[in-house]
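Residue numbers for the sequence shown follow my numbering, beginning at 4 and rising by one.
Even for Gly, the Cβ is constructed at its ideal location relative to N, Cα and C.
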Amino acid sequence: MMVSTKGRYALTVMVDLARLSDGGYVSLADIAEKENLSMKYLESIISILNKGGLLQSLRGKNGGYKLARDPAEYNIAEILLLTEGTLAPVNCIMQDGVQCEKAATCSTLPLWAGLDNVIDNYLRTITLEDIITGNRKKMLGDYCNPCDTDK
């Protein structure tokens with residue numbers, strides 16, 4: 004699994020909007036400037052997030068974008084799946100069910116399916132709220148035993 008720049012920037016935008024969740028709208032230009040990102044690229048990402056129902060938009064002088072829900076109600080999996088399409092570690096399990104002619108005899112398929120489940124379950128437990136509050140203990144959890152979670 005490799006998260007593309009589209010997925011990373013979408014998450015960055017959502018985190019920025021979560022940090023600024025005072026009820027007002029934030030312009031795309033402000034986000035682009037703050038994050039030093041291309042407006043053109045951000046427009047395509049915002050369009051995906053908006054069409055996916057994750058954002059509310061308002062046109063006009065004081066317009067922009069804001070989260071459609073509270074930051075605690077967004078899990079990271081839904082943001083990345085919307086922008087990436089899949090988070091599967093290998094092509095043969097990218098769609099619903101296994102799409103491989105060798106599935107019946109593939110000895111590594113259970114490994115990839117298990118990894119896919121771990122990735123999905125992990126990303127569904129982390130929210131935008133966890134990121135903006137810096138909940139490192141939850142984000143690292145059991146996945147990083149030797150890591151220093153106090154930093």
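Contacts around residue i, its chain only, beta-carbon distance under 8 Å, and the 5 residues preceding and following it disregarded
{"i": "K154", "result": "Since pLDDT at K154 reaches only 46, below the 50 mark, its modelled position is unreliable, and no value is offered."}
{"i": "A13", "result": "I48, I51, L52, I82, L83, L85, T86"}
Beta-carbon contacts of residue i that lie in its chain and below 7 Å, excluding the five residues immediately before and after
{"i": "M97", "result": "T89, A91"}
{"i": "L131", "result": "M17, V18, A21, P74, Y77"}
{"i": "I134", "result": "V18"}
Integer-rounded CB distance, given that residue j should sit under 8 Å from residue i
{"i": "Y68", "j": "V18", "result": "The pair is not a contact, with the Cβ atoms about 13 Å apart (cut-off 8 Å)."}
{"i": "L40", "j": "L58", "result": "Wrong, their Cβ atoms sit about 16 Å apart, outside the cutoff."}
{"i": "L31", "j": "E46", "result": "7 Å"}
Exposure label - residue i; buried when at least 16 CB within 10 Å
{"i": "G63", "result": "exposed"}
{"i": "D1", "result": "With the chain covering only 4 through 154, there is no way to say anything about residue 1."}
{"i": "Y44", "result": "exposed"}
{"i": "P74", "result": "buried"}
{"i": "V121", "result": "exposed"}
{"i": "A6", "result": "Contrary to the premise, residue 6 reads as Val rather than Ala in this sequence. Under this definition V6 is an exposed residue."}
{"i": "G66", "result": "exposed"}
{"i": "L23", "result": "buried"}
{"i": "G137", "result": "exposed"}
{"i": "G10", "result": "buried"}
Cross-strand partners of residue i (DSSP beta bridge)
{"i": "Y68", "result": "V29, S60"}
{"i": "N78", "result": "T130"}
Same chain, Cβ closer than 6 Å to residue i, five either side skipped, listed in chain order
{"i": "I79", "result": "L126, I129"}
Residue i Cβ short of 7 Å to the ligand GTP heavy atom set
{"i": "R72", "result": "Annotation note on the ligand GTP: not contained in the displayed structure, which lists no ligands."}
Length-filtered (3 minimum) beta strand (DSSP E) runs lying within the stretch 22-63 | 58-61
Considering only residues of the stretch 102-152, which uninterrupted beta strand (DSSP E) runs meet the minimum length of 3 residues and lie entirely inside it, listed in chain order?
-> none
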